[in-house]
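To keep things clear, I will list the structure first and then write my remarks on it.
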Amino acid sequence: MDFVFTKEEEKVISEVREFIKKESTPELLKETHELERIYGGKLGREFIKKFAANGWLCPNWPEEYGGLNMSEMLTYMIKDEMTYSGIPHSYVAAHYAGATIMKYASDEIKEEFLLPISKGEIEFALGYSEPSAGSDLLGLELRAEDKGDYYLVNGQKTFNTHAHVADYHWLAARTKFDGPKHKGLSMFIVDLDSPGITIRPMISIADSRTNEVYYDNVKVPKKRLVGEENMGFLYLMKALDYERMFPFGHYRKLFEHLLEYVKETIVDGEPIAKNPLIRQKVAQLATELEAAKLLYYSLSYMLDKGKIPNYQASMEKTFVCDLSQKLAQTGMEILGQAGQLTSDSKWAAISGEFEYYYRWVIVETIYGGTNEIQKNIMAQRGLGLPRA
Amino acid sequence: MDFVFTKEEEKVISEVREFIKKESTPELLKETHELERIYGGKLGREFIKKFAANGWLCPNWPEEYGGLNMSEMLTYMIKDEMTYSGIPHSYVAAHYAGATIMKYASDEIKEEFLLPISKGEIEFALGYSEPSAGSDLLGLELRAEDKGDYYLVNGQKTFNTHAHVADYHWLAARTKFDGPKHKGLSMFIVDLDSPGITIRPMISIADSRTNEVYYDNVKVPKKRLVGEENMGFLYLMKALDYERMFPFGHYRKLFEHLLEYVKETIVDGEPIAKNPLIRQKVAQLATELEAAKLLYYSLSYMLDKGKIPNYQASMEKTFVCDLSQKLAQTGMEILGQAGQLTSDSKWAAISGEFEYYYRWVIVETIYGGTNEIQKNIMAQRGLGLPRA
Amino acid sequence: MNYDLNTEQKMLKDSARKFFSKEADSIFIREMAKDEKGYSKAIWKKMAKLDWMGILIPEEYEGSEMGLLDMVVLLNEMGYACFTGPFVPTAVLGVTTLLEGADDKQKKSILPKIALGKKIVTLAWTEESGQYTSKGVNAKAEVKDDSYVISGTKLYVPDANNADIIICAARTDSSSENSEDGISLFIVDAQNDGLNVEVLKTIQGDKLCEVSLNNVKVPKENLVGEEGKGWDILKKVLLKAAVAKSAEMIGGGRKVLEMTVDYAKQRNQFGQPIGSFQAIQHHCADMLTYLETSEYMTYQAAWLISEGLSYEKEASMAKAWVSDSYHKLVALGHQVIGGVGFMEEFDIQLYLRQSKTAELAFGDADFHRELVAQELGL
Amino acid sequence: MNYDLNTEQKMLKDSARKFFSKEADSIFIREMAKDEKGYSKAIWKKMAKLDWMGILIPEEYEGSEMGLLDMVVLLNEMGYACFTGPFVPTAVLGVTTLLEGADDKQKKSILPKIALGKKIVTLAWTEESGQYTSKGVNAKAEVKDDSYVISGTKLYVPDANNADIIICAARTDSSSENSEDGISLFIVDAQNDGLNVEVLKTIQGDKLCEVSLNNVKVPKENLVGEEGKGWDILKKVLLKAAVAKSAEMIGGGRKVLEMTVDYAKQRNQFGQPIGSFQAIQHHCADMLTYLETSEYMTYQAAWLISEGLSYEKEASMAKAWVSDSYHKLVALGHQVIGGVGFMEEFDIQLYLRQSKTAELAFGDADFHRELVAQELGL
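Structure representation (structure tokens):
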């Protein structure tokens with residue numbers, strides 16, 4: 001056993017840290033925050049191209065595709081640092097679609113997309129959810145009909161978060177309309193400026209934007225089919241296994257801000273740091289963050305050993321997402337009345353960060369698979385309990 | 001609205017209190033504790049006959065059956081007082097079977113049993129659970145075959161708590177062996193000393209006794225069938241609606257002991273009552289006990305208005321049972337190392353009450369319908385959510 | 001015991017339900033959150049016509065003298081509609097403070113105007129610490145000639161931006177070791193020189209304000225109650241306001257439960273309504289339990305107050321329990337409704353915001369548990 | 001980072017699993033809970049032969065010098081079997097105290113005997129308050145001629161009834177305002193005049209004892225470390241013992257999860273295994289999460305200690321997290337297993353008892369969270 005990073009790992013991560021410190025500007029951090037940390041903003045794109053030039057966007061990829069052939073451990077460490085430092089850290093192409101392309105797509109697609117992805121030049125938008133396909137992905141109904149040279153696509157997607165800033169749609173569509181539902185899905189890469197695509201904003205309670213994407217007789221060239229037709233569900237599931245990680249550096253940072261606040265604040269003449277209730281609350285958060293860290297890196301350790309996390313990824317996701325909600329609520333309890341003030345209020349505590357995150361964390365236990373779905377996975381895959 | 005008892009109610013309850021104070025002896029309380037508060041011990045029987053002579057065992061029953069025609073409110077108050085004061089308070093005949101007999105049984109059975117029950121002269125043992133029928137009562141397999149004059153009963157019951165001290169078995173048996181499961185059960189009253197009955201002890205982790213009851217060609221006279229043949233499941237369900245109450249005076253008393261302890265105890269030179277963590281814990285328990293009280297009396301209020309609590313009874317049961325576990329755990333946290341000592345240890349805190357209850361409360365969220373079953377009921381009956 | 005509302009209360013409840021569903025739909029609620037004032041004068045007038053401002057006001061001052069339980073019935077519906085504005089500051093905070101402390105002349109001059117909807121009043125208690133403690137009051141009031149001169153900064157003052165009168169807590173004496181001594185309350189005209197109000201932006205968009213007082217002159221006769229004895233008044237106001245706030249929360253909680261259950265019944269996944277899944281059923285069952293216990297706790301406390309019985313323990317229990325429960329109830333509702341509920345256009349978010357501000361107002365759960373501990377003799 | 005045991009550790013784990021399943025089934029565990037001594041000398045000898053007593057003992061004192069991580073591997077299996085007795089008091093508490101504080105002569109005289117299984121040792125720290133605080137140490141030790149004379153009552157001393165040597169914390173100086181000053185540790189022969197041991201009955205039936213000292217004379221050379229500086233030793237012992245106790249808990253937790261999942265797969269109700277119900281699945285998923293996080297936290301702390309790195313924060317985090325998690329895990333297990341698990345004859349109850357005593361030993365969750373707060377600079 002060993003619970004520290006190697007010197008080599010520390011060296012790389014300190015370079016990353018150094019780079020971010022030097023290259024990230026307040027404007028970039030502001031843009032990133034306003035985009036809810038997704039990739040695609042103007043400053044974000046500029047920054048990430050420089051960042052990715054070091055191979056840090058997809059460090060675990062082979063060198064031929066712009067990676068560094070680095071360990072998953074380092075990949076996770078870099079991701080943690082990215083989330084911690086407030087630069088864009090939610091990537092669809094680099095961190096969701098890429099591995100699937102590498103494993104299943106045609107050489108033509110690989111050649112066209114993988115290097116631009118790892119260099120941070122292009123971004124995808126996730127195109128999974130539909131009005132009737134949420135937790136139950138197999139409920140998806142968007143149709144792609146084989147018309148010889150192309151597929152004709154019609155239907156509606158929803159909660160496609162990156163669509164308004166991305167270049168391509170990483171689209172799951174139904175290509176077979178009878179037979180078992182899981183044998184009729186296919187994956188496509190679609191230009192988001194294709195004629196017939198309409199993108200409509202959906203605004204969240206954290207003021208962030210996600211989108212509805214409408215397909216009205218959109219022609220998608222055959223060569224943009226990923227892998228085999230009707231194998232899409234398999235790719236999706238495999239991708240989830242490989243890709244599911246939930247870095248939480250931003251929550252670590254939020255906690256640090258809370259800790260500073262507790263150390264500095266005096267209420268009614270008493271430092272609140274002396275209050276046993278607050279001490280317990282802060283210590284509990286610190287403890288859970290430590291547990292989350294150990295879960296997080298356990299995934300990369302497994303991957304580096306050639307094992308595929310499945311229930312473990314569900315566990316880490318659930319644990320971190322629950323923790324984010326506890327952190328937001330506990331922080332609010334500690335901040336008291338000042339906590340309810342928004343960032344542009346003169347008396348806001350910690351620049352309104354908790355007010356903002358209190359709204360944001362609502363979605364954590366929902367997106368990317370609800371807690372309920374994750375717990376089903378843990379029980380069934382992790383413990384072998386039978387399906388109903 | 002009105003959240004106090006009436007003067008008349010207070011008057012009755014103070015008579016009850018007075019009586020218990022006068023008539024209950026340390027020996028009775030010890031026996032009651034050792035029998036886990038069920039009725040059937042020697043001293044308990046003596047005491048209860050005197051107690052019941054006042055009509056207090058079944059105060060809501062009509063006078064012709066030995067009751068006082070009193071309100072459910074008073075009935076609940078008396079039950080609360082009984083639990084609070086440590087006298088026997090778990091009755092099968094008076095509080096489970098009685099109402100069903102009154103409503104559905106033949107005149108012959110009513111005449112034979114109702115007065116002796118309300119006078120505290122006889123006790124039943126609940127005969128529902130079987131090895132394969134726990135939460136799923138319809139899984140029960142004990143067979144009663146119609147043999148003309150009598151039923152021939154074969155099979156096994158389990159977790160029949162009063163069987164070793166009771167006089168009769170309040171037995172659910174299968175009388176129809178094909179067709180829908182819920183249309184094949186019947187209820188019987190069986191002499192527990194009938195030939196062919198064997199009672200074997202099962203000892204719990206709280207040192208209490210429950211029983212397995214084996215039926216080997218036991219002949220049960222036809223006249224001991226309750227109501228109609230094959231209508232047993234209906235009776236059972238109705239009985240649950242009417243009878244489900246979960247008094248918790250014993251937990252109120254346990255809390256009072258904890259509160260006294262907190263007021264009196266000095267640790268490392270500081271009164272623990274000054275510790276903000278302990279103050280919060282105690283206040284939270286007091287608050288939940290208050291909520292439990294309001295839930296408890298809401299049931300009797302409904303009954304007095306002629307309404308039948310169903311999801312409300314599940315809510316009260318779940319709430320109180322969860323609370324009992326929180327109380328035991330929180331008490332243990334407050335008592336520290338002394339809490340783990342058993343009652344016969346010189347250094348035991350609060351006479352080892354928490355050590356004992358810590359073991360006992362395990363069963364609270366399980367028996368009489370698990371929390372999971374109760375929550376299903378609340379969702380389906382209380383909120384109209386559909387069955388899977 | 002009697003768990004039912006009486007006939008008048010049921011009528012009040014029904015008419016309030018109808019009123020708010022007609023006058024204040026969720027689009028209106030969203031508008032008010034962004035609106036500078038945060039309330040509509042037209043609706044205010046209609047509410048006054050219904051005699052709601054005067055529910056706590058004795059008949060001799062033109063009120064209907066109904067009591068806190070009736071107020072709770074109304075506030076329950078206000079919370080159900082997620083309705084905000086200067087009603088609670090005026091008709092609960094303002095009225096209660098005056099009833100507890102003001103002399104007949106003061107009452108005569110203000111209460112009838114409140115009852116008729118002609119004056120908006122609020123109470124400026126907390127300051128930078130945001131704490132409802134005696135130590136939290138540090139604004140100073142000094143006697144100068146026939147006046148008191150007040151200076152300091154009051155924070156989190158509800159609807160001070162709309163108020164005609166701000167009742168202000170300030171320290172007239174700092175010499176005592178006991179910080180509860182020396183606090184006084186003053187009726188301050190909001191138009192007074194040296195008084196400045198700024199709205200603070202909150203998660204809900206309700207109008208909590210900063211009120212800066214810079215040598216604000218107040219005539220001596222505007223002192224409420226005895227000089228230096230304001231804390232006795234504030235303590236009572238705190239608990240009554242906490243119960244009023246609990247009433248808003250149970251109303252909101254009822255609405256959230258309804259939204260959630262409706263959604264769970266209609267939304268299909270895996271070929272069946274999600275409400276048929278046990279995990280969803282248990283979330284909903286927990287929500288129901290939080291709600292009904294919260295209702296009982298709130299009504300009990302309000303009833304005790306209305307009856308003039310001892311209410312301190314039960315009021316603090318109610319605010320502690322309801323604050324925690326409402327928070328958990330809303331979180332479960334969001335979890336059931338999922339992604340759709342994360343969108344601005346679905347109404348549950350309004351209640352998420354309401355639950356947070358209500359949790360903090362007039363003492364949060366930890367604060368009131370500490371009061372419960374004191375009531376238990378700890 | 002590396003989450004795997006090394007080959008030796010895996011072998012140790014396997015052989016321990018086999019050993020306990022052969023030597024100490026659950027019937028034996030029940031017997032020991034009732035047994036006066038609570039351990040079997042025959043098994044003790046076998047354990048000694050496996051060199052387990054000496055895991056923490058340097059080679060120069062006849063130990064195998066493996067370190068706390070290896071000890072944790074073994075204790076994990078001990079916890080899995082719910083095995084109790086004087087092993088932890090001797091091989092962890094006793095050995096760690098001596099290693100932290102004793103001089104070479106003391107070590108030479110005791111450690112080899114421990115390693116060979118010839119001496120049972122324990123540490124008498126807490127007293128009536130049951131608190132692992134410096135203020136909790138009030139037994140007095142006074143110098144008289146060439147001896148210290150100790151008087152006082154030590155409580156919750158594990159296996160003092162079996163011990164040959166009791167290392168005893170007593171106050172040699174009460175004059176300092178800082179209660180951490182003036183505590184000293186003494187090696188006390190259990191046969192000493194004036195020393196009396198009585199077993200306290202606990203929920204688990206492990207042997208916590210009352211040790212009364214009535215003018216017990218101890219030669220000066222039996223002082224461990226410097227006079228008055230015992231607290232520095234105890235602080236380290238506390239955290240290491242807390243991690244050792246966490247190791248027992250994760251072993252117990254693993255066993256409870258296995259029992260629970262097995263039961264959920266086999267038990268049918270409503271025509272299907274109860275493990276197919278979502279409520280049961282989610283209980284089990286929560287148990288799994290509690291378990292795996294507890295394992296990681298424990299191993300990390302043990303590894304830090306073994307490596308000589310700073311471990312204070314992580315050790316307290318581990319004990320706090322594992323204590324809470326194990327409690328919740330067992331409660332969920334009981335809920336899944338239902339009525340059957342409430343019966344004495346089903347083994348889960350042994351772990352319910354273990355979880356409670358382990359939660360309390362060497363500081364409970366609240367206690368260690370307070371230490372974490374201190375480590376965070378609060």
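Those protein sequences? They're chains A, F, D and Y, same order as listed. Using my numbering, the first residue of the first sequence is number 1, and each one after it goes up by one. Using my numbering, the first residue of the second sequence is number 1, and each one after it goes up by one. Using my numbering, the first residue of the third sequence is number 1, and each one after it goes up by one. Using my numbering, the first residue of the fourth sequence is number 1, and each one after it goes up by one. Note that the Cβ used here is the ideal one computed from N, Cα and C, for glycine as well.
Other residues of its chain near Q340 of chain F: CB distance less than 7 angstroms, five sequence neighbours each side excluded: Numbered from 1 along the second sequence, position 340 holds the residue referred to as residue 340 of chain F. Answer for Q340 of chain F: E355, listed in chain order.
CB contact check: F270 of chain D to chain Y, cutoff 8 angstroms: Counting from 1 along the third sequence, the entry for residue 270 of chain D is found at position 270. So, not an interface residue.
Contacts around H182 of chain A, its chain only, beta-carbon distance under 7 angstroms, and the 5 residues preceding and following it disregarded: Stepping through the first sequence from its first residue, residue 182 of chain A is reached at position 182. For H182 of chain A, where only same-chain residues beyond five positions count, the Cβ hits under 7 angstroms are L138, F233.
Three-state class that DSSP yields for K307 of chain A in the structure shown: Residue 307 of chain A sits at position 307 when you count from the first residue of the first sequence. K307 of chain A: coil per DSSP, three-state reduction.
Chain Y contact residues for N376 of chain A, given Cβ-Cβ distances below 9 angstroms: Here residue 376 of chain A corresponds to residue number 376 of the first sequence, with the count starting at 1. The contacting residues are Q278, Q281, H282, A285.
Residue-level contact to chain A via CB, Q266 of chain D, 8 angstroms cutoff: As a first step, residue 266 of chain D is located in the third sequence; it is residue number 266 there, counting from the start. Under the Cβ criterion of 8 angstroms, Q266 of chain D is not counted among the residues facing chain A.
For G44 of chain F, the first and last residue of its enclosing beta strand (DSSP E): The count along the second sequence starts at 1 and reaches residue 44 of chain F at position 44. Looking at the DSSP string, G44 of chain F is not in any beta strand (DSSP E); the run it does join, the alpha helix (DSSP H), is 42-52.
Contact list for A242 of chain Y against chain A, beta-carbon separation under 7 angstroms: To locate residue 242 of chain Y, count along the fourth sequence from 1; it is residue 242. Close to A242 of chain Y, with beta-carbon spacing below 7 angstroms, lies no residue of chain A; the smallest spacing is near 13 angstroms.
Assigned secondary structure, K140 of chain D (DSSP; H/G/I helix, E/B strand, else coil): Locating residue 140 of chain D in the third sequence gives position 140, where the first residue counts as 1. Assignment of K140 of chain D by DSSP, reduced to helix, strand and coil, places it in the strand class.
Limits of the unbroken alpha helix (DSSP H) element including N371 of chain F: For this step, residue 371 of chain F is matched to residue 371 along the second sequence. Residues 371-377.
Own chain partners of S314 of chain F with C-beta closer than 6 angstroms, once the 5 adjacent residues on each side are dropped: As a working mapping, residue 314 of chain F is identified with position 314 in the second sequence. Excluding the 5 residues flanking it on each side, S314 of chain F has same chain C-beta neighbours closer than 6 angstroms at Q374, I377, M378, in chain order.
Length of the line joining the Cα atoms of I197 of chain A and P309 of chain F: For the purposes of this step, residue 197 of chain A is identified with residue 197 of the first sequence, where counting begins at 1. For the purposes of this step, residue 309 of chain F is identified with residue 309 of the second sequence, where counting begins at 1. When rounded, the distance between both Cα atoms is 55 angstroms.
Below-8 angstroms beta-carbon distance, L383 of chain F vs any chain Y residue: As a position in the second sequence, residue 383 of chain F is number 383, starting the count at 1. No, because no Cβ of chain Y sits closer than 8 angstroms to the Cβ of L383 of chain F.
Cβ-based contacts, 8 angstroms cut-off: residues of the segment 248-276 of chain A near chain C: Among the chains of the structure shown, chain C does not appear; the protein chains present are A, F, D and Y.
Under 8 angstroms between C-beta atoms of V143 of chain Y and K217 of chain Y: The residue you call residue 143 of chain Y lines up with position 143 of the fourth sequence. The residue you call residue 217 of chain Y lines up with position 217 of the fourth sequence. Not in contact: V143 of chain Y and K217 of chain Y (Cβ atoms no closer than 8 angstroms).
Residue of F:L126, F:K222, F:V213 minimising C-alpha distance to L240 of chain F: Here the question's residue 240 of chain F lines up with position 240 in the second sequence. Restricting attention to F:L126, F:K222, F:V213, the CA atom closest to the CA of L240 of chain F is found in F:L126.
Buried or exposed by the 16-neighbour rule on C-beta atoms within 10 Å, applied to T7 of chain Y: Counting from one through the fourth sequence, the residue named residue 7 of chain Y turns up at place 7. Classification of T7 of chain Y: exposed, given that the 10 Å Cβ count is below 16.
Start and end residues, alpha helix (DSSP H) containing W44 of chain D: On the third sequence, residue 44 of chain D is found 44 positions in, with the first residue counted as 1. Going by DSSP, W44 of chain D is part of the alpha helix (DSSP H) stretching over 41-49.
Residue burial classification, P158 of chain D (beta-carbon count within 10 angstroms, cutoff 16): Counted from its first residue, the third sequence places residue 158 of chain D at position 158. With 16 or more other CB atoms across the displayed protein chains lying within 10 angstroms of its CB, P158 of chain D is buried.
Proximity test, Cβ basis, 8 angstroms: M187 of chain A and chain D: Locating residue 187 of chain A in the first sequence gives position 187, counting from the first residue. The beta carbon of M187 of chain A sits no closer than 8 angstroms to any beta carbon of chain D.
Short CB-CB distance (under 8 angstroms) between A315 of chain Y and chain A: The residue you call residue 315 of chain Y lines up with position 315 of the fourth sequence. Contact with chain A is absent for A315 of chain Y, since none of that chain's Cβ atoms lies less than 8 angstroms from the residue's Cβ.
Short CB-CB distance (under 8 angstroms) between N215 of chain Y and chain A: Within the fourth sequence, numbered from 1, the residue matching residue 215 of chain Y stands at position 215. Not closer than 8 angstroms to any Cβ of chain A, the Cβ of N215 of chain Y fails to qualify, so no.
Beta-carbon gap between T122 of chain D and A169 of chain D smaller than 8 angstroms: For the purposes of this step, residue 122 of chain D is taken as residue 122 along the third sequence, with counting starting at 1. For the purposes of this step, residue 169 of chain D is taken as residue 169 along the third sequence, with counting starting at 1. Result no, Cβ atoms of T122 of chain D and A169 of chain D do not sit closer than 8 angstroms.
Supposed close pair W170 of chain F, V92 of chain F - CB separation, criterion 8 angstroms: As a first step, residue 170 of chain F must be located in the second sequence, where it is residue number 170. As a first step, residue 92 of chain F must be located in the second sequence, where it is residue number 92. Cβ-Cβ separation between W170 of chain F and V92 of chain F: approximately 6 angstroms, consistent with a contact (criterion under 8 angstroms).
Exposure of R387 of chain F, with buried meaning 16 or more beta-carbon neighbours within 10 Å: Along the second sequence, one-based indexing puts residue 387 of chain F at 387. For R387 of chain F, the number of other beta carbons within 10 angstroms of its own is below 16, and it is reported as exposed.
8 angstroms contact criterion, which L213 of chain Y and G194 of chain Y should meet: CB distance rounded: Position 213 of the fourth sequence, counted from the start, is the residue given in the question as residue 213 of chain Y. Position 194 of the fourth sequence, counted from the start, is the residue given in the question as residue 194 of chain Y. Taking 8 angstroms as the upper bound for CB-CB distance, L213 of chain Y and G194 of chain Y are in contact here, some 6 angstroms apart.
Spatially closest choice to P276 of chain A from Y:D181, Y:H368, Y:K207, Y:E248, by CA coordinates: Translated into the one-based positions of the first sequence, residue 276 of chain A becomes position 276. Residue nearest to P276 of chain A within the set Y:D181, Y:H368, Y:K207, Y:E248 is Y:H368 (criterion: CA-CA distance).
Listed by chain order, chain F residues near Q280 of chain A by CB distance under 7 angstroms: Residue mapping note: residue 280 of chain A aligns to position 280 of the first sequence, counting from 1. Going along chain F in sequence order, the residues near Q280 of chain A (Cβ under 7 angstroms) are L277.
Distance between beta carbons of K18 of chain Y and G117 of chain Y, contact taken as under 8 angstroms: Along the fourth sequence, read from residue 1 onward, the residue named residue 117 of chain Y stands at position 117. Along the fourth sequence, read from residue 1 onward, the residue named residue 18 of chain Y stands at position 18. Wrong, their Cβ atoms sit about 19 angstroms apart, outside the cutoff.
Short Cβ contact (8 angstroms threshold) for A279 of chain D with V243 of chain D: Translated into positions along the third sequence, residue 279 of chain D becomes position 279. Translated into positions along the third sequence, residue 243 of chain D becomes position 243. For the pair A279 of chain D and V243 of chain D, the CB atoms are not nearer than the 8 angstroms cut-off.
Endpoints, the alpha helix (DSSP H) within which G127 of chain F is located: What you label residue 127 of chain F is simply residue 127 of the second sequence in a count that begins at 1. DSSP places G127 of chain F outside any alpha helix (DSSP H); the residue lies instead in the beta strand (DSSP E), whose first and last residues are 124-127.
Backbone CA spacing between I250 of chain Y and W321 of chain Y [nearest angstrom]: Mapped onto the fourth sequence, residue 250 of chain Y falls at position 250. Mapped onto the fourth sequence, residue 321 of chain Y falls at position 321. Straight-line Cα distance between these residues: approximately 11 angstroms.
Whole-Å CB distance - V137 of chain Y paired with I183 of chain Y, under 8 angstroms assumed: If you number the fourth sequence from 1, residue 137 of chain Y lands on position 137. If you number the fourth sequence from 1, residue 183 of chain Y lands on position 183. Confirmed, about 5 angstroms.
D2 of chain A and S129 of chain D closer than 8 angstroms at C-beta: By 1-based counting over the first sequence, the position of residue 2 of chain A is 2. By 1-based counting over the third sequence, the position of residue 129 of chain D is 129. At the C-beta level, D2 of chain A and S129 of chain D stay beyond 8 angstroms of one another.
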